[in-house]
Each structure stands twice: as structure tokens, then as C-alpha cells.
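Chemist: One structure is given below, represented as C-alpha cells, and several questions about it will come after.
In full-length UniProt numbering, the protein residues as written are 1 to 202.
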């Protein structure tokens with residue numbers, strides 16, 4: 001079984017200084033571990049940009065909680081655990097947001113053509129229509145032809161004299177934008193829906 005190598009006397013001395021608020025010692029620890037934690041986080045979340053953000057958060061937290069550093073524990077394992085926790089929290093947040101966006105979008109699609117006088121539905125459709133209005137002209141036309149006129153990708157491609165693949169790409173991008181927009185700007189409504197289990201009771 002692999003175990004992290006023990007901290008050297010130099011490491012322990014640096015960590016003791018960090019615990020006492022020594023910024024220079026903290027900079028040395030940062031330079032020593034940043035690339036390792038970046039590689040670790042990047043491998044877990046598969047996103048260089050996200051990994052960079054996570055590493056920054058890890059070291060910010062480390063400095064904020066510097067008094068809690070225990071030099072009797074293996075620091076490499078300690079900071080690796082903090083990094084793992086940050087990655088897991090990030091992944092949970094992304095999964096939760098995507099799940100909610102998907103659920104809201106699916107519900108909107110189901111009620112789009114209904115005439116029920118329901119405040120919740122009206123609010124969702126209002127946000128949905130706002131998102132559509134913000135689409136670039138061609139995406140808006142293609143989305144309307146697909147959703148409202150129920151045309152196939154082949155039919156849209158033929159009518160607009162563009163490739164089927166172009167139609168598909170526009171639909172994917174338009175759908176992604178609308179889901180994101182509703183997820184962000186319909187947050188209050190989304191919260192009501194999620195907490196009341198509205199989707200599953202209708």
C-alpha cells in the first residue's frame with residue numbers, strides 16, 4: 001500500500017512558521033505544493049480551469065485556517081485531502097445545477113403548449129421566452145422551427161439551405177443556453193419547484 005512520505009524537518013519548520021503567520025514560509029509551501037495539487041485536482045475534475053480555481057481556494061483556506069495546521073500529521077496527505085474535498089464539493093454543485101436545469105427544462109417543454117392558468121407555469125414560461133428572445137437570430141429561427149413547428153432537422157436544413165449538422169449544432173447550443181438561463185434567472189421558481197416536488201405531482 002502506498003503511503004505519503006513523511007514530512008522533512010525543513011517542511012515541519014516551514015509549517016510551524018506558516019501556523020505563526022509567516023507569509024514568506026507560506027509562499028514557499030505554496031510553490032512547493034501548488035503544481036502537485038493542480039495535477040491531482042485536474043485529474044479528478046478533468047478541467048484545467050476548474051482545477052486552477054480549486055487549488056487557489058485550497059491555499060486560501062489553508063492560510064485562513066493556518067492556526068489549525070498540525071505539524072504532527074503528514075502535510076502532503078493533509079492538503080491532498082483538502083483538495084479532494086474541494087473537488088467533490090465542486091462536482092456535487094455542478095451535478096445539482098445540471099440536474100435542476102434539466103428538470104426545469106423538461107417541465108417547460110411539457111407545459112409549453114398548455115393553456116392552464118397557473119402562476120408557476122406562467123413564470124417559468126416567461127423566463128423560457130426571455131431566454132429564446134436572447135438567442136442569435138439564426139438560432140432563434142431554427143429553435144422555433146424545431147420546437148413550435150415540429151420540423152425535423154432535415155426539413156429545417158432544406159428550408160434554410162444549410163447542412164443538417166449545422167442545424168443540430170444550433171439546436172444543441174440553443175438548448176444549452178436556454179437551460180442555463182432558466183437555471184440562473186428562474187432560481188426562485190426553480191427552488192419552489194424543487195422543494196415542493198412540483199414536477200412529480202403533476
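Built from N, CA and C at the ideal position, the CB exists for glycine as well.
Here's a check: name, in chain order, each residue in its chain whose Cβ is nearer than 7 Å to the Cβ of residue 116, leaving out the five neighbours to either side.
Modeler: At residue 116, the pLDDT of 46 sits below 50, so the modelled position is not reliable; the number obtained from the coordinates is stated separately. Once the five neighbours on either side are set aside, residue 116 has no close Cβ partner at all.
Chemist: Just tell me which of 142, 63, 44 and 137 has its CA closest to the CA of residue 163.
Modeler: Closest option to residue 163, Cα to Cα, is 142.
Chemist: To the nearest angstrom, report how far apart residue 47 and residue 39 are at their CA atoms.
Modeler: Taking the straight line joining both Cα atoms gives about 10 Å.
Chemist: Taking 7 Å as the threshold (beta carbon to beta carbon), is residue 69 in contact with chain B?
Modeler: The structure shown has no chain B; it contains just one protein chain.
Chemist: Identify every run of the alpha helix (DSSP H) within the stretch 61-99, keeping only runs that are complete inside it and at least 4 residues long; order them along the chain.
Modeler: Here no run is fully enclosed.
Chemist: How would you call residue 11, buried or exposed, if buried means at least 16 neighbouring beta carbons within 10 angstroms?
Modeler: It is buried - the Cβ of residue 11 has at least 16 other Cβ atoms within 10 Å.
Chemist: When the Cα atoms are used, what is the spatial distance from residue 88 to residue 133?
Modeler: In a straight line, the C-alpha of residue 88 is about 36 Å away from that of residue 133.
Chemist: Please report the straight-line C-alpha distance between residue 179 and residue 59, rounded to a whole angstrom.
Modeler: One C-alpha to the other measures close to 33 Å.
Chemist: For residue 90 and residue 17, I'd like the C-alpha separation in whole angstroms.
Modeler: Between residue 90 and residue 17, the C-alpha separation is close to 31 Å.
Chemist: Specify, as a first and last residue, the run of the alpha helix (DSSP H) that residue 44 falls within.
Modeler: Where residue 44 is concerned, the enclosing alpha helix (DSSP H) stretches over 23-45.
Chemist: So is residue 55 buried or exposed if we call it buried at 16+ other beta carbons inside 10 Å?
Modeler: With 16 or more other Cβ atoms within 10 Å, it is buried.
Chemist: Output the distance between the C-alpha atoms of residue 169 and residue 36, rounded to the nearest integer angstrom.
Modeler: Computed Cα separation, rounded: 37 Å.
Chemist: Can you give me the Cβ contacts of residue 86 inside the same chain, cut-off strictly under 7 Å, excluding the 5 residues immediately before and after it?
Modeler: Within the same chain, residue 86 has close Cβ partners 54, 57 and 58.
Chemist: Using a Cβ-Cβ cutoff of less than 7 Å, which residues in the same chain neighbour residue 26 once the five nearest sequence positions on both sides are dropped?
Modeler: Cβ neighbours of residue 26 beyond the five flanking positions: 18 and 63.
Chemist: Return the CA-CA distance between residue 157 and residue 165, expressed in angstroms with no decimal places.
Modeler: When rounded, the distance between both Cα atoms is 9 Å.
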